[in-house]
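Numbering of the sequence shown is given in our numbering, commencing with residue 5 and proceeding in unit increments.
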Amino acid sequence: MWQQFRTPFLAGISSSVFLVLGQVLIAPLPEKTSAEVVINLPPEVPLVGWQTVSERSAAESSSGNTTLPPSDREYHYVQNGVPLEIEMRYLNSGRFDQYFRYYKPSPPQLEIRQYQGIGSYGVFVHQERAYLTACINPWKTSTFTQEEYRQEQDSAGMRWDRLIPWFMGRAQLRDSGCLWTHLSTPLVGKSPEASYQVLEKIWPTWYSFWSDNFPET
């Protein structure tokens with residue numbers, strides 16, 4: 005009798021598996037918005053060669069720029085009288101370029117560069133400050149555009165170890181998320197390129213810390 009039902013039974017199981025895979029590809033769980041994701045970034049991050057001045061959480065931020073969305077953390081350093089500010093914000097995707105709209109006027113002459121072994125980042129000048137900005141993602145790279153982010157996400161593939169949590173609606177089968185990283189320093193008589201070099205010297209150390217300590221969601 006078992007043989008009579010064995011084939012339909014196995015066919016039903018196979019159909020269920022393909023149905024689940026189809027749901028993953030066609031209708032994945034909706035990503036949480038940044039407001040729904042609670043990330044506790046460390047209050048202090050040591051930076052070799054720089055003295056920590058202060059750090060601010062979103063609630064404590066006193067930057068005075070009310071048009072910017074609140075940062076998860078702001079870290080402040082100084083070296084030989086030169087100040088450095090680093091903003092870190094967790095986003096649910098690689099679309100951190102949307103935050104440029106908060107800069108008025110929009111950053112001119114934005115240049116995308118590559119750092120070997122890390123990935124891409126952008127540099128620009130705004131209101132007499134030099135900026136370096138990038139998305140640190142879960143795949144041990146940095147990206148600057150949405151296209152780059154999606155390519156890295158597709159290359160990483162599915163996280164099958166999360167299959168059971170996914171069935172329960174508690175996890176995604178694909179990694180997502182981005183630590184939007186924003187380093188800046190005043191020009192103070194330097195050329196933009198000279199200031200970029202200061203930030204680019206810091207970048208690999210800062211990236212390495214956050215890549216190794218990417219927050220779990």
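Backbone N, C-alpha and C fix where the C-beta goes; we use that ideal spot for every residue, glycine too.
Please classify residue i as buried or exposed, where buried requires at least 16 other C-beta atoms within 10 Å of its C-beta.
i: T56; result: exposed
i: E91; result: buried
i: D76; result: buried
i: S58; result: exposed
i: S67; result: Residue placement at S67 is poorly supported in this model, since its pLDDT is 45, which falls under 50; the coordinates are not used for a value here.
i: S195; result: exposed
Can you name the residues that DSSP bridges to residue i?
i: Y119; result: G123
i: L88; result: Y81
i: V129; result: A134
i: L187; result: I90 and L136
i: L95; result: C182
i: T56; result: Y81
Taking the alpha helix (DSSP H) that residue i belongs to, which residues open and close that run?
i: P196; result: P196 to D216
If you follow the beta strand (DSSP E) that residue i is in, where does it begin and where does it stop?
i: T145; result: From DSSP, T145 is part of no beta strand (DSSP E); its letter is neither H nor E.
i: E78; result: R77 to Q83
i: L191; result: No beta strand (DSSP E) holds L191; DSSP gives it neither H nor E.
**Request:** Answer yes if the segment 112-125 comes into contact with the segment 192-212, meaning at least three C-beta pairs across the two stretches below 8 Å, and no otherwise.
**Result:** Yes, the segment 192-212 is in contact with the segment 112-125.
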